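Q:
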Amino acid sequence: MGDDCIAIIHRTIGVNIKNCNCGPGHGISIGSLGKVLESKEDIVQNIRVEDVVIKGTTNGVRIKTWAKRTNGLVQNITYFSQYYNTRRP
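First residue of the sequence shown? That's 2 in the numbering used here, and the numbers climb one at a time after it.
1) My output table needs one value for glycine 3: the three-state DSSP class, helix, strand or coil.
2) Given a cut-off of 7 Å, decide if glycine 28 and asparagine 60 are closer than it, judged by their beta-carbon atoms.
3) Within its chain, find whatever has a CB closer than 8 Å to the CB of cysteine 23; leave out the 5 residues flanking it on each side and keep chain order.
4) Identify which residue in Arg89, Ile31, Gly35 and Cys21 has its Cα closest to the Cα of glutamine 46.
5) Based on Cα-Cα distance, which residue from Gly3, Asn72 and Tyr84 lies nearest to lysine 41?
6) Helix, strand or coil: which one does DSSP assign to alanine 8?
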């Protein structure tokens, strides 16, 4: 089915995503956070997703994390989206 349509990885700050068509695949993902061993902290903040059509995906939007000892922060994530034909919106 493919991979993430849009992947927002660690150390991403201030991104606007607008007017996209997404699918097939895994939808829009933040992460995988905690996966990179060298990363002391995983920060994702100030992300805006607007007017995105998601079709034929396994997920709509999600945050993926790994269980490990690290500092992490995900904040100010805003979705103004339309979801169509997803298994898990």
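Ideal Cβ positions, reconstructed from N, Cα and C, are used throughout, including at glycine.
It should be emphasised that the depicted structure is a prediction, and the values quoted were computed from it without experimental measurement.
A: In terms of the structure at hand:
1) coil
2) yes
3) Cys6, Ile7, Ile29, Val53, Val54, Ile55, Lys56 and Thr58
4) Of the candidates Arg89, Ile31, Gly35 and Cys21, the one whose C-alpha sits nearest the C-alpha of glutamine 46 is Ile31.
5) Asn72
6) strand
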